[in-house]
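Remarks on the structure that follows.
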Amino acid sequence: MPIPRSEYLSTVWKDDIFAGRVAFVTGGAGTICSAQTRALVYLGANACILGRNVEKTEAAAKDIATARPGAKVLGIGGCDVRDPESLKTAAERCAKELGAIDFVIAGAAGNFVAPMSGLSANGFKTVMDIDVLGTFNTIKATMPYLIESAKRNKNPSDDGLTGGRIIYVSASFHYTGTPLQSHVSAAKAAIDSLMASVSLEYGPYGVTSNVITPGGIANTEGMARLSSSKMTQKQIAAGVPIGRYGTIRDIADATVYLFSDAGNYVNGEVLVVDGAAWRLHNGA
Ligand code: HXC
11 MPIPRSEYLS TVWKDDIFAG RVAFVTGGAG TICSAQTRAL VYLGANACIL
61 GRNVEKTEAA AKDIATARPG AKVLGIGGCD VRDPESLKTA AERCAKELGA
111 IDFVIAGAAG NFVAPMSGLS ANGFKTVMDI DVLGTFNTIK ATMPYLIESA
161 KRNKNPSDDG LTGGRIIYVS ASFHYTGTPL QSHVSAAKAA IDSLMASVSL
211 EYGPYGVTSN VITPGGIANT EGMARLSSSK MTQKQIAAGV PIGRYGTIRD
261 IADATVYLFS DAGNYVNGEV LVVDGAAWRL HNGA
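Residues 11 to 294 in the working numbering are what the sequence shown spells out, letter by letter.
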């Protein structure tokens, strides 16, 4: 049974606001990033999603393409964001087959729950490498295409179409410190910082950089990994000031806003989409 569009996207957006745009998404087969990609595809974009697992990535691409008749979604498996060459090759292929790279979502991440005492230097480094170096490699590989896209679609654009935009997917763990997540907290802090530098260096080229920080999003791999078995889902949701978990639609809508003509002047920002949960609960 296909999931209805209303699960992925609010009804406020116009159908064609991303017509002819191309999104390049690392970690695109994961729950959150595939929902972000699907929302863009609903609204007219084509996309290229990347992942390490070939079967999973190709299947996700096929599934996302069903969102809109005629949509092109390329699934590039076997791509490890820790390897700059594999990203460079993927970016070239995306530009060749889909014509451009207008939007980038740097979403590939690694996570496991571990106390400092159970974390080896290699365990720490692995998450830093996937999250931080992987994001750096993604930006380096796609920036030439983003600059071209920003040039073609000057902001604010005449036709309302945009290009040259990056969203980094982060977390709020480092705002207050989070036990069992020292490696991920350090990595996400670095991603926020990297975003800020890129926003300053490439803002003058028309390329915008912003972080989206999801809170606990229902039915995601991240939540499954992080939820304590001692707490029920209901107990966790009760700790969010808005009184519910986030949904993939909450994150997809934030993505559409930042990539749309409505987000033209937003650069160097962190958009936390968590119902204000971090203000109450981080580190608790
Ligand atoms: C302690 C661990 C561990 C664990 C792995 N390691 N799991 N240490 N506790 N549970 C250590 C290993 O022992 C090893 O160190 C080192 O990490 C590298 O492990 P590998 O398995 O060789 O690495 P690799 O195959 O590259 O896999 C990376 C991974 C894996 C991060 C460990 O889980 C992965 O591939 N994850 C990708 C998918 C993912 O994590 N998605 C979740 C994103 S969700 P030694 O010393 O033994 O060599 C997310 C949401 C957060 O980020 C926000 C929610 C609110």
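Where a beta carbon is used, it is the ideal one built from N, C-alpha and C, also for glycine. Bear in mind the structure is a predicted one, so any value in this text is a computation, not a measurement.
Problem - Paired residues, beta bridge with VAL114 - DSSP - result: BP columns for VAL114 point to PHE34, ILE176.
Practice task
Report yes if the C-beta distance between ILE252 and ALA286 is below 8 Å; otherwise report no.
Solution key: Yes, they are a contact pair.
Exercise for the section: Note the first and the last residue of the continuous alpha helix (DSSP H) segment covering GLU17. Expected result: Where GLU17 is concerned, there is no enclosing alpha helix (DSSP H), given that its DSSP letter is neither H nor E.
Exercise for the section: Going by DSSP, name the residue or residues bridged to SER219. Expected result: Checking the DSSP bridge columns, you'll see SER219 partnered with ILE176.
Problem - Backbone CA spacing between ILE86 and ILE42 [nearest angstrom] - result: Taking the CA atoms as reference points, ILE86 sits about 18 Å from ILE42.
Handout entry: Residues that DSSP places opposite GLU279 in a beta bridge
Key = DSSP lists ASN220 as partners of GLU279.
Practice task
Quick one: give me the first and last residue of the beta strand (DSSP E) that VAL133 is part of.
Solution key: Looking at the sequence provided, one finds Gly at residue 133 rather than Val. First-last for GLY133: 131-138, but that is the alpha helix (DSSP H), not the beta strand (DSSP E).
Exercise for the section: Along the alpha helix (DSSP H) that carries ASN147, what are the first and last residues, could you check? Expected result: Element bounds for ASN147: 144-162.
Practice task
Compute the distance between the beta-carbons of GLY54 and ASP25, then report whether it is under 8 Å.
Solution key: ASP25 is positioned such that its CB atom lies closer than 8 Å to that of GLY54.
Practice task
Answer yes if the segment 272-285 comes into contact with the segment 32-40, meaning at least three C-beta pairs across the two stretches below 8 Å, and no otherwise.
Solution key: Counting C-beta pairs closer than 8 Å gives fewer than three between the segment 32-40 and the segment 272-285, which falls short of the contact rule.
Handout entry: Same chain, Cβ closer than 6 Å to PHE269, five either side skipped, listed in chain order
Key = Only PHE113, ARG175 meet the Cβ criterion.
Exercise for the section: Just grab the DSSP bridge partners of ILE246 for me. Expected result: ILE246 is not bridged to any residue.
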